[in-house]
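Start counting the sequence shown at 1; every next residue gets the next number (the UniProt record's numbering). No residue lacks a Cβ here, since even glycine has one placed at the ideal position from N, Cα and C.
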Amino acid sequence: MPVHGTIPISKPPLNEKTVRELLKKADINGDGNLSKKELKKVFEEMGSNWPKHRTWLCMLNTDSDGDGEISASEMNKLVAYIMKWAYAKC
Ligand SMILES: [Ca+2]
Ligand SMILES: [Ca+2]
Numbered sequence: 001m002p003v004h005g006t007i008p009i010s011k012p013p014l015n016e017k018t019v020r021e022l023l024k025k026a027d028i029n030g031d032g033n034l035s036k037k038e039l040k041k042v043f044e045e046m047g048s049n050w051p052k053h054r055t056w057l058c059m060l061n062t063d064s065d066g067d068g069e070i071s072a073s074e075m076n077k078l079v080a081y082i083m084k085w086a087y088a089k090c
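Structure, rendered in structure tokens:
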């Protein structure tokens, strides 16, 4: 019986496809960009204990133009960044 809704970050498989789907789902207002609020929701859903901290780190490292949102062109960087964390729960 598959469990939907919560994907624990410490449990495989958290592959690139899963991460991309999560990010797509998190775009609540559908503008194609991920705001801090939307990104935080992704980490909450992944079971992160520190979603706020992770969001902040992601923004710091992947928001290349510094507009406070992750745009489509910054998304690949974000996915790669999240994948690095895939098996580290914090
Ligand atoms: Ca959005
Ligand atoms: Ca940006």
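Let me confirm a value: residue i is counted as buried when at least 16 other C-beta atoms fall within 10 Å, else exposed. Which label applies?
i, result
"Ser35", "buried"
"Ser73", "exposed"
"Leu14", "buried"
"Ser64", "exposed"
"Lys37", "exposed"
"Glu21", "exposed"
Quick check on the DSSP output: the alpha helix (DSSP H) that includes residue i runs from which residue to which?
i, result
"Trp56", "Pro51 to Thr62"
"Asn76", "Ala72 to Trp85"
Restricting to Cα atoms, I'd like to know which of the options is closest to residue i.
i, options, result
"Lys41", "Asn33, Lys52 and Asp31", "Lys52"
"Asn61", "Asp27, Met75, Trp50 and Ser48", "Met75"
"Trp56", "Glu45, Gly68 and Gly32", "Gly68"
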